[in-house]
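Novice:
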Amino acid sequence: MSSAMPHPGWEQHPCFSSGARSRFGRIHLPVAPGCNIECAYCRREYDCAHENRPGVTSRVIGPGEALERLERALVDMPGIAVAAVAGPGDPFCEPERTLETFERIRARNGKIALCVSSNGLNVKDHIPRLKELGVGFVTITVNAIDSAVGARLHLRAALGGREYLGLEAAALLLSRQLEAVALLKEAGMAVKVNCVVVPGINEDHAVFVAARMGRMGVDLLNFLPLLPVAGTALEGCSPPGEAVMGRLRHRAGRHVPQMRHCTRCRADAAGML
Numbered sequence: 010m011s012s013a014m015p016h017p018g019w020e021q022h023p024c025f026s027s028g029a030r031s032r033f034g035r036i037h038l039p040v041a042p043g044c045n046i047e048c049a050y051c052r053r054e055y056d057c058a059h060e061n062r063p064g065v066t067s068r069v070i071g072p073g074e075a076l077e078r079l080e081r082a083l084v085d086m087p088g089i090a091v092a093a094v095a096g097p098g099d100p101f102c103e104p105e106r107t108l109e110t111f112e113r114i115r116a117r118n119g120k121i122a123l124c125v126s127s128n129g130l131n132v133k134d135h136i137p138r139l140k141e142l143g144v145g146f147v148t149i150t151v152n153a154i155d156s157a158v159g160a161r162l163h164l165r166a167a168l169g170g171r172e173y174l175g176l177e178a179a180a181l182l183l184s185r186q187l188e189a190v191a192l193l194k195e196a197g198m199a200v201k202v203n204c205v206v207v208p209g210i211n212e213d214h215a216v217f218v219a220a221r222m223g224r225m226g227v228d229l230l231n232f233l234p235l236l237p238v239a240g241t242a243l244e245g246c247s248p249p250g251e252a253v254m255g256r257l258r259h260r261a262g263r264h265v266p267q268m269r270h271c272t273r274c275r276a277d278a279a280g281m282l
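The numbering of the sequence shown is the working numbering, which starts it at 10 and goes up by one.
#1: Going straight from the alpha carbon of Ala58 to that of Ala278, what length do you get?
#2: Which residues does DSSP list as the beta-bridge partners of Thr148?
#3: Do Leu38 and Thr110 have their CB atoms nearer than 8 Å?
#4: Considering just the uninterrupted stretch of the beta strand (DSSP E) at Pro234, what are its terminal residues?
#5: Tell me whether Arg275 sits in a helix, a strand or coil according to DSSP, three-state version.
#6: CB-CB under 6 Å to Arg113, same chain, minus the five flanking residues each way: which ones, in chain order?
#7: Checking the sheet assignment: what are the DSSP bridge partners for Gln267?
#8: Going straight from the alpha carbon of Asn61 to that of Glu251, what length do you get?
#9: The alpha helix (DSSP H) with Glu188 in it runs from where to where?
#10: For the pair the region 178 to 192 and the region 221 to 230, tell me if three or more CB-CB distances fall below 8 Å.
#11: Let me know if Val91 comes out buried or exposed under the rule of 16 or more other beta-carbons within 10 Å of its beta-carbon.
#12: Given that a residue counts as buried once 16 or more other Cβ atoms are within 10 Å of its Cβ, and exposed if not, what is Lys120?
#13: Using the rule of at least 16 other Cβ atoms within 10 Å of the residue's Cβ for burial, across every protein chain shown, is Val238 buried or exposed?
#14: With a CB to CB cut of under 6 Å and the five nearest residues on each side skipped, what residues in its chain are close to Leu181?
#15: Compare the Cα-Cα distances from Gln267 to each of Ala276, Leu257, Arg273 and report the closest residue.
#16: Check whether the Cβ atoms of Val69 and Pro97 lie closer than 8 Å to each other.
#17: By DSSP's criteria, Arg258 is part of a beta bridge. Which residues make up the other side?
#18: Curious, which full-length alpha helix (DSSP H) runs of at least 4 residues does the region 81 to 136 contain?
#19: In three-state DSSP terms, what is Gln21?
#20: Go ahead and pull the three-state DSSP assignment for Leu38.
#21: May I ask you to report which of helix, strand or coil DSSP gives Arg68?
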C-alpha cells in the first residue's frame, strides 16, 4: 500500500489533508470551458448559480480575471491556501488558458499552492511546465483500468485533431492516464485519483483501480458515488448507497489512503470545504 506522504503545502490543502479543511480554504478558477472527452455521467453548465457539483460555474473567466478574482479572495478570505483549476471542462483541453492562469499567479504570488484536476488525457506533455510553475497537486479521474469497463463510462475522446469513440476512446484515455500518473509521481507531485463509482458498471471493479493506483504510488484515492445528472446517459442510474461506499473504501484502503471528506466542489468554488 502507498502512504500519503506530506508534500510541501500538504498540511494546508483542504482536499488532500482532512485536517486542513477546517483551517484552510481553496479557490477554483473556472478558466477551462471545453472538454476533450464525453462522460456518461457529466454535463457542464456555464451559467448556473444553484447547482453544487463539478462541471458547474456561474460563468467562465479568462486568465487575467482569474488573477483578479484570486487577489480579491485573498483579501476577503485570508484562509485561502490553494488556487486550483478544476473546470468546468478539462484544464488541458485548452492548456494555454490553464498555464497562462498559473503563470500570472506565480508572477504575483510565489507562496500559494497551485492545484489542477484533469481527466488525464492531455496532461503528460505539460508536466514539465507545471513543475516549473510550482504546481504541486494534481488530481486525475480514473474510473476504470479495463477499457471494456471504461467504454461504458467514457463515450468519446478527442486528441491531436482526431476523435475516438467507444472502446478505442476508453483505451486511449486509460493509456494516457496511466502514463500521466507515472510521470507526475516521477516529477515529485502529490497525486490524488478520483474514481466515480457507478452501480452495475464499475462498482465491483473499483477496488482493482485502487490496487493499481496504490502500486503506482498515488498519494490519495477519492471514491465518488455517482451523482445522476439530468440530460446524461446515466441520469436514470441510482447512486451507490453509503454502505456500499463504506465497504469499497475499507477494501481500497488496504492499497491506497482514502479521501473521505470530498464535497464535490463547483468549478468556481471559493472558501472552506
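In this text, a Cβ means the ideal position worked out from N, Cα and C, and glycines have one as well.
Specialist: If we stick to the structure as given:
#1: Residue 58 sits at position 49 when you count from the first residue of the sequence shown. Residue 278 sits at position 269 when you count from the first residue of the sequence shown. For Ala58, the predicted model reports a pLDDT of 45, less than 50, meaning its position is unreliable and no value from the coordinates is stated.
#2: As a first step, residue 148 is located in the sequence shown; it is residue number 139 there, counting from the start. According to DSSP, which records beta bridges pairwise, Thr148 is partnered with Ser126, Lys201.
#3: As a first step, residue 38 must be located in the sequence shown, where it is residue number 29. As a first step, residue 110 must be located in the sequence shown, where it is residue number 101. Contact flag set, yes.
#4: Translated into the one-based positions of the sequence shown, residue 234 becomes position 225. Judged by DSSP secondary structure, Pro234 falls within the beta strand (DSSP E) whose first and last residues are 229 to 234.
#5: Numbered from its first residue, the sequence shown carries residue 275 at position 266. It is coil, neither helix nor strand.
#6: Working through the sequence shown from its first residue, we reach residue 113 at position 104. The residues are Pro72, Leu76.
#7: In the sequence shown, counting from the first residue as 1, residue 267 sits at position 258. Beta-bridge partners of Gln267 (DSSP): Leu230.
#8: Start at 1 with the first residue of the sequence shown, and residue 61 comes out as number 52. Start at 1 with the first residue of the sequence shown, and residue 251 comes out as number 242. Confidence in Asn61 is poor, its pLDDT being 49 and thus under 50, which makes the residue's placement unreliable; the coordinate value appears in the next sentence. Going from the Cα of Asn61 to the Cα of Glu251 covers about 20 Å.
#9: One-based indexing of the sequence shown puts residue 188 at position 179. 175 to 195 is the extent of the alpha helix (DSSP H) around Glu188.
#10: Under the three-pair Cβ rule at 8 Å, the region 178 to 192 counts as touching the region 221 to 230.
#11: Here residue 91 corresponds to residue number 82 of the sequence shown, with the count starting at 1. Flag for Val91 reads buried.
#12: Numbered from 1 along the sequence shown, position 111 holds the residue referred to as residue 120. Here Lys120 is exposed, its C-beta having fewer than 16 other C-beta atoms within 10 Å.
#13: One-based indexing of the sequence shown puts residue 238 at position 229. A residue is called buried once 16 or more other Cβ atoms fall within 10 Å of its Cβ, and Val238 is buried on that count.
#14: Residue 181 sits at position 172 when you count from the first residue of the sequence shown. The answer, listed in chain order, is Ala166, Tyr173.
#15: Locating residue 267 in the sequence shown gives position 258, where the first residue counts as 1. Comparing Cα positions, the closest option is Leu257.
#16: Within the sequence shown, the letter at position 60 stands for residue 69. Within the sequence shown, the letter at position 88 stands for residue 97. Cβ atoms of Val69 and Pro97: closer than 8 Å.
#17: Here residue 258 is taken as the residue at index 249 of the sequence shown, counted from 1. According to the DSSP secondary-structure assignment, Arg258 is paired through a beta bridge with no residue.
#18: For the region 81 to 136, whole alpha helix (DSSP H) runs of length 4 or above, ordered along the chain, are 104 to 117.
#19: Along the sequence shown, one-based indexing puts residue 21 at 12. Here Gln21 sits in helix by DSSP.
#20: Taking the sequence shown and counting its residues from 1, one reaches residue 38 at position 29. Coil, per DSSP.
#21: On the sequence shown, position 59 is the one that residue 68 refers to. Three-state DSSP puts Arg68 in coil, outside helix and strand.
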